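A.B. asks:
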Ligand code: UDP
Ligand code: MG
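Numbering (the numbering used here), first residue to last: -1 to 315.
(1) Taking contact to mean at least 3 C-beta pairs separated by less than 8 angstroms, is the segment 54 to 73 in contact with the segment 8 to 17?
(2) Please tell me whether residue 143 and residue 216 are closer than 9 angstroms, where the distance is taken between their beta carbons.
(3) At a cut-off of 8 angstroms, is residue 166 close to the ligand MG when judged by its beta-carbon and the heavy atoms of the ligand?
(4) Distance check for residue 213 and residue 145, CA to CA, integer angstroms please.
(5) Output the residue ranges of the beta strand (DSSP E) runs that lie fully inside the segment 158 to 202 and measure 3 residues or longer, sorted by chain position.
(6) Can you grab the Cα-Cα spacing for the pair residue 63 / residue 182, in whole Å?
(7) For residue 110, which of 84, 151, 5 has the nearest alpha-carbon?
(8) Going by CA-CA distance only, name the one from 27, 255, 127, 204 that's closest to residue 192.
(9) Is the Cβ-Cβ distance between residue 313 and residue 114 less than 9 angstroms?
(10) CB-CB under 6 angstroms to residue 234, same chain, minus the five flanking residues each way: which ones, in chain order?
(11) On a Cα-Cα basis, can you pick out the residue from 197, 184, 106, 311 that is closest to residue 211?
(12) What do you reckon, is the C-beta of residue 130 under 8 angstroms from a heavy atom of the ligand MG?
(13) I need the straight-line Cα distance from residue 256 to residue 273, nearest angstrom please.
(14) Between which two residues does the alpha helix (DSSP H) containing residue 234 stretch?
(15) Just list the residues that DSSP pairs residue 3 with in beta bridges.
(16) Look up residue 9 in the DSSP assignment and say whether it is helix, strand or coil.
(17) State the beta-bridge partners of residue 275 as determined by DSSP.
(18) Do residue 27 and residue 184 have their C-beta atoms within less than 9 angstroms of each other?
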């Protein structure tokens, strides 16, 4: 009995890509079914993450014409691509899929590698990570910020593979573990590294986006990176404590030296520059530290409310 594959495609305003993406993925699915690699129950599931264009109509139309091969979920509003991927995985799990591949709707990730993912899954991997060979298609700013993000994450002791993408395969056992993570803000790239199980890797080339525009601005990426860091590492908070301790020590030494000046040297008027520089530095450090603590408080704020991670408005299956 061959495994049932679910290909999960998050979509935000992808009306220009859906049809083309469907045709490509459908061809791959059919070839894999023909070569007896996957079951003929395998399907593609599109998650409309609150699009304001024609995306949902196109998904419903595809579902109407191919109800067995195409499924759809429509969110009530935009919840972000991580939530769309998560919803796709959980819904396909309930539809009895055996393995799950997530891929972007613009097919920037090389869809022809799907066969290799399946091969590695069949060789026993529970999670197969897609790793980008390079970042040729990224602009300068995106390249630099992505590099900084992976460097910071590794320095903070977070286990994340450089250039790892959301193009990956997981099996049912990985989904069962994922279901035990109850946090609202799931940063999937780290979670799949954390849950253990047998891992493997597929390396792929990133193609330029053919149609439509990128849905990720630099601020979106920064906020994703910050939420990744603050939900996986408390090292920045420790650094804040260490800075606090260090500053107190320095202030203590400066205090003693000030007393010394006042009582013995009587040169208290000089040193103006030192005071101004020290005040500015300490003030800046304090604000930075409060900011870091604030980031963690923000995470707690979202987690404590435990609101639904996403709201499904309608489905077609
Ligand atoms: N996406 C989504 N919700 C969002 C932003 C993006 O579902 O809030 C989807 C988008 O439709 C695409 C994938 O996530 O399928 C990756 O987005 P995009 O290609 O715009 O990102 P980039 O490749 O530029 O990093
Ligand atoms: Mg893209």
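All residues carry an ideal CB built from backbone N, CA and C; glycine is no exception.
Just so we're clear, the structure is a prediction, and the values are computed from it rather than from any experiment.
C.D. replies: The relevant details are as follows:
(1) yes
(2) yes
(3) no
(4) 20 angstroms
(5) Taking 3 residues as the minimum length, the beta strand (DSSP E) runs contained wholly in the segment 158 to 202 are 162 to 169, 197 to 202, in order along the chain.
(6) 35 angstroms
(7) 5
(8) 127
(9) no
(10) 290
(11) Comparing Cα positions, the closest option is 106.
(12) no
(13) 11 angstroms
(14) 233 to 258
(15) 97
(16) strand
(17) Residue 275 is not bridged to any residue.
(18) no
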